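Per the working numbering, residue 1 is the first one in the sequence shown, and the count goes up by one each step.
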Amino acid sequence: MARIDATRLVPSPLLIEAKRVLYSLIKRKVIEDFDTAVRDFNDGLRFLLYRNVFRIVGLNADVDLLESTFFKVLGLKDYFDRVVLAGLKSMTLFC
């Protein structure tokens, strides 16, 4: 049976959105310990960056053009949705 190697991708805007959600949970008192929550988030981010479990997809010119196309052609209104989709799509086009 053939082995399929797949790259696990995390678009960088998804990390920004995750941090926004964390702050929202802190503000609503769902999470009470700010310092621990931020430290845990940062530890998780370090794990993603340095353990090479995931590949973080950044914003670049190709991603920007794809994001604009998704807005113009598909009418996707949410910027984060467009840039996440564009980042993932660019990985399949330009790798």
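Built from N, CA and C at the ideal position, the CB exists for glycine as well.
Here the structure is a predicted model, which means the values were calculated and not measured.
Simplified DSSP assignment, three categories, for residue i
i	result
ARG51	coil
LEU76	coil
VAL38	helix
LEU59	coil
Own chain, CB closer than 6 Å to residue i, minus 5 neighbours either side, in chain order
i	result
ASP81	none
PHE34	ILE26
VAL21	none
ILE56	VAL10, SER12
GLU17	PHE80
PHE41	LEU22
Neighbour-count burial assignment, residue i, 16 or more Cβ in a 10 Å radius
i	result
GLY87	buried
Backbone CA spacing between residue i and residue j [nearest angstrom]
i	j	result
PHE54	LEU66	22 Å
PHE70	ARG46	31 Å
ASN52	ARG8	9 Å
LEU48	ARG39	14 Å
LEU76	ASP62	18 Å
ASN60	LYS89	13 Å
MET91	LYS29	38 Å
Anticipated Cβ contact below 8 Å, residue i with residue j, distance rounded
i	j	result
VAL73	LEU14	So it is not a contact: roughly 22 Å between Cβ atoms.
Same chain, Cβ closer than 7 Å to residue i, five either side skipped, listed in chain order
i	result
ALA37	LEU22, ILE26, ILE31
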